[in-house]
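Line order of the protein sequences matches chains A and B. Numbered according to the numbering used here, the first sequence spans residues 39 to 153. Numbered according to the numbering used here, the second sequence spans residues 393 to 614. Idealized CB from N, CA, C, for every residue including glycine. The structure appears below as structure tokens.
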Amino acid sequence: MNDKNDPDFEASLHEAMKKAGFIFPETEEDLDSVLAHMDKMRASGFPAELDDPEAILRNGRLTLNSPVDDGTDAEVEENLARAAREGGEINEEVSEQMKKDRKRADDEHNDRTAG
Amino acid sequence: MEIVKPKEPDMLSAETDEDLLVIMSIKDDTPASHAAFNTFHARYKLFLFELLERVCSSHPNKKELVNTLFSNVLISIYKYCHTFDAEGETDPAQVRKKISGWLATISRHEYKSQFTNAVEPKKEQLAYQRMIRSGTEKPKYDFGAAMVAKAFEQIPKERDRDILRTYWVFYEKGEKSQAKNMPDDVLNGMAEQYNTNKANIRQIISRTNKIVQEYLLANYKI
Numbered sequence: 039m040n041d042k043n044d045p046d047f048e049a050s051l052h053e054a055m056k057k058a059g060f061i062f063p064e065t066e067e068d069l070d071s072v073l074a075h076m077d078k079m080r081a082s083g084f085p086a087e088l089d090d091p092e093a094i095l096r097n098g099r100l101t102l103n104s105p106v107d108d109g110t111d112a113e114v115e116e117n118l119a120r121a122a123r124e125g126g127e128i129n130e131e132v133s134e135q136m137k138k139d140r141k142r143a144d145d146e147h148n149d150r151t152a153g
Numbered sequence: 393m394e395i396v397k398p399k400e401p402d403m404l405s406a407e408t409d410e411d412l413l414v415i416m417s418i419k420d421d422t423p424a425s426h427a428a429f430n431t432f433h434a435r436y437k438l439f440l441f442e443l444l445e446r447v448c449s450s451h452p453n454k455k456e457l458v459n460t461l462f463s464n465v466l467i468s469i470y471k472y473c474h475t476f477d478a479e480g481e482t483d484p485a486q487v488r489k490k491i492s493g494w495l496a497t498i499s500r501h502e503y504k505s506q507f508t509n510a511v512e513p514k515k516e517q518l519a520y521q522r523m524i525r526s527g528t529e530k531p532k533y534d535f536g537a538a539m540v541a542k543a544f545e546q547i548p549k550e551r552d553r554d555i556l557r558t559y560w561v562f563y564e565k566g567e568k569s570q571a572k573n574m575p576d577d578v579l580n581g582m583a584e585q586y587n588t589n590k591a592n593i594r595q596i597i598s599r600t601n602k603i604v605q606e607y608l609l610a611n612y613k614i
């Protein structure tokens with residue numbers, strides 16, 4: 039098999055993910071494959087809160103409000119440390135972006151504390 | 393004045409899927425339109441739920457995300473039901489497949505809109521963009537579902553698995569088969585969703601892609 043930078047590898051992985059239903063199907067073949075998987079693995083149960091179509095119409099479009107509370111700046115440091123341990127694989131773009139993000143976060147923090 | 397009672401969903405159980413969508417589109421007759429929506433919901437709720445459950449399976453707010461997408465996709469169906477075109481197909485199984493594909497296409501746009509700060513997907517995406525009839529080319533490597541699932545299991549954090557999965561939802565081939573860069577607004581949306589920053593999102597995508605690729609490279613057998 040070719041190396042991991044092989045663009046065919048990416049396209050193949052993308053195809054496999056669609057056919058397995060890990061991401062949304064885009065072609066009829068993807069859909070056939072997803073439907074076949076669904077026949078084999080039915081979901082355990084259908085939630086009662088989604089079983090009221092009148093309520094769906096009444097409520098209208100919903101917004102996902104709660105962001106995932108699992109990321110901290112410490113993780114950025116951890117990533118930097120990991121990259122350093124593994125041979126400094128942070129490319130310039132990422133490094134530059136991290137600096138900008140950190141500066142922005144500092145500026146926002148300073149604005150808040152000054153205000 | 394005659395009082396029209398709302399039609400019960402089972403009154404429409406004999407209608408074809410296409411006719412249901414037509415009845416649903418007659419918004420002047422609210423009871424009939426709602427009844428058609430109720431019957432449509434009964435017919436497609438399991439497919440839609442299972443599709444979303446699978447794609448959102450590693451999202452830390454899975455339940456809320458699935459519920460949000462499920463509702464929004466059906467609201468879009470209600471709103472744009474008049475745009476469905478079975479393209480001359482009359483076989484009920486084939487029409488059902490077309491509608492399933494339409495639901496999947498709308499689901500994909502709804503999922504993406506969660507990361508792009510769009511109030512709702514563009515009308516043309518919902519109404520007109522259909523599933524590609526057939527894949528243009530066969531992939532070079534045939535990774536099975538179980539192998540891909542195993543590769544993703546190598547990523548220790550559930551949230552990181554979800555970030556990578558989201559990356560692949562947005563994946564597009566660019567020139568010479570190279571992946572296009574993720575748009576900035578998507579990275580911003582992801583950073584907001586996962587309560588972190590863009591640089592960290594980039595790092596996680598790069599790191600987790602490497603884990604998946606290394607697993608697949610080591611285990612792929614021609």
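- When the Cα atoms are used, I469(B) and H426(B) turn out to be separated by approximately 12 angstroms.
- Chain-order list of chain A residues neighbouring A496(B): F62, P63, E64, D68, L69, V72, by C-beta distance under 9 angstroms.
- Take the alpha-carbon of G581(B) and the one of T508(B): they are about 5 angstroms apart.
- Against chain A, the CB of D483(B) has no partner CB under 9 angstroms away; the residue lies outside that interface.
- Only residues of its own chain outside the window of five on either side were considered, and among them L413 have a CB closer than 6 angstroms to the CB of F476(B), listed in chain order.
- By the Cβ-count criterion, K455(B) is exposed, with fewer than 16 other Cβ atoms from all chains shown falling within 10 Å of its own Cβ.
- By the 16-neighbour rule on beta-carbons within 10 angstroms, H52(A) is buried.
- For A86(A), no Cβ of chain B is located within less than 9 angstroms of the residue's own Cβ.
- K490(B) and E64(A) have their C-alpha atoms some 12 angstroms from each other.
- Counted as a single uninterrupted DSSP element, the stretch harbouring P63(A) is not any alpha helix (DSSP H), since DSSP gives it neither H nor E.
- The three-state reading of DSSP puts K565(B) in strand, counting E and B together.
- Between the alpha carbons of A54(A) and P423(B) lies a gap of roughly 43 angstroms.
- Contact between L461(B) and S499(B) is confirmed by a C-beta separation of about 6 angstroms, below the 8 angstroms threshold.
- Note on geometry: alpha-carbon atoms of K471(B) and L608(B) lie some 43 angstroms from one another.
- By the CB criterion at 9 angstroms, Y612(B) and F544(B) fall outside the cutoff.
- A residue is called buried when at least 16 other Cβ atoms come within 10 angstroms of its Cβ; I418(B) does not meet this threshold and is exposed.
- Only residues of its own chain outside the window of five on either side were considered, and among them none has a CB closer than 7 angstroms to the CB of D90(A).
- At a Cβ-Cβ threshold of 9 angstroms, L100(A) and N464(B) count as neighbours.
- Taking CB atoms only, S405(B) has no neighbour in chain A less than 9 angstroms away.
- For the pair H433(B) and I415(B), the Cα-to-Cα distance works out to about 14 angstroms.
- Residue-level contact by beta carbon holds for I467(B) and chain A, with a gap shorter than 9 angstroms.
- Classified as buried, G59(A) has 16 or more neighbouring CB atoms from the shown chains inside 10 Å of its CB.
- Contact note: T460(B) reaches chain A through L100, T101, L102, using a C-beta cutoff of 8 angstroms and chain order.
- One alpha carbon belongs to C448(B), the other to F47(A), and they sit about 24 angstroms apart.
- Collapsing the DSSP output to three states places Y607(B) in a helix.
- Under the DSSP assignment, S468(B) falls in the alpha helix (DSSP H) whose first and last residues are 454-472.
- For the 9 angstroms CB-CB criterion, V561(B) and K602(B) do not form a contact.
- DSSP places T475(B) within a helical segment (H, G or I) once states are collapsed to three.
- Between K532(B) and D44(A), the gap from beta carbon to beta carbon is short of 9 angstroms.
- Between Y559(B) and the set D483(B), T600(B), E606(B), the nearest pair of CA atoms involves T600(B).
- Judged by beta-carbon spacing, Y586(B) lies within the 9 angstroms limit of I555(B), meaning their Cβ atoms are closer than that value.
- Residue state for H451(B) is assigned as coil, using DSSP reduced to three classes.
- Pairing H75(A) with A485(B) gives a Cβ-Cβ distance that is not under 9 angstroms.
- If you draw a straight line from the Cα of F62(A) to the Cα of E550(B), it is about 19 angstroms long.
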